[in-house]
């Protein structure tokens, strides 16, 4: 996937996610997400923070000191106090922009919008479409980032030492015992969302 295709995929997922959020009830917004300790509102708030400048990142680090995960969680909880309509509008406002957070690539931005979109949709029984090729691009980045700072953001799951094979896309990685399933389910498992285990074989 080249840069133009990558940003088009990010924009499409932002639009789909914003459209879904616009349909939710107050109970949906307060529902627990797939992220431990985060509500749907917290996750939506987090998605508005995908274009932090150096100054913005430093201000958040000073306001919410500690580990990277601590800063991410605390800043998202703080942002979640804003009105629902504002959170949706801020996600929509990023469509068409190629700016991304300091210290990451657009591929991390893709992982963020794809995975967190499912964090919102799955627990409230909604469907949020992700094309298999898009999920595969995100999954490849997660796999290639093993042992890096990115991998520490996710809850550990024992996917290393396995061969992961998608049954809906031309995608596979790794060696060892095989784990098969939809590539989106494989991506979510790799990022610590064990709710998808029933969709996978070999675990």
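Residue numbers (the working numbering): 5 to 207.
All C-beta atoms in this analysis are idealised placements derived from N, C-alpha and C, irrespective of residue type, glycine included.
Judged by DSSP in its simplified three-state form, residue 184 adopts strand. Annotated three-state conformation of residue 169 is strand, per DSSP.
Take the alpha-carbon of residue 16 and the one of residue 85: they are about 26 Å apart.
For the stretch 14 to 60, the continuous alpha helix (DSSP H) assignments of 4+ residues that do not extend past its boundaries occur at 30 to 33 and 44 to 51, in sequence order. Scanning the stretch 74 to 144 for uninterrupted alpha helix (DSSP H) segments of 4 residues or longer gives 88 to 97 and 110 to 125, listed from N- to C-terminal end.
In the three-state scheme derived from DSSP, where H, G and I count as helix and E and B as strand, residue 205 is classed as strand. Distance check between residue 108 and each of 172, 153, 18 and 31 places 153 closest, using alpha-carbon atoms only. Taking C-beta atoms as the reference points, residue 172 and residue 187 count as a pair closer than 8 Å. Residue 81 sits close to residue 46, with the two beta carbons spaced by under 8 Å. Distance from the CA of residue 93 to the CA of residue 53, rounded to the nearest whole angstrom, comes to 13 Å. With 16 or more other Cβ atoms inside 10 Å of its own Cβ, residue 121 counts as buried.
In this structure, residue 7 lies near residue 110, with their beta-carbon atoms less than 8 Å apart.
Looking at the DSSP output, residue 177 bridges to 168. From the listed residues 197, 12, 14 and 164, the smallest Cα separation to residue 182 is found for 164. Sequence-distant partners of residue 203 (beyond 5 residues in either direction) whose C-beta falls short of 8 Å from its own C-beta, in its chain, are 185, 186 and 189. With a contact defined as Cβ atoms closer than 8 Å, residue 141 and residue 5 qualify at about 5 Å.
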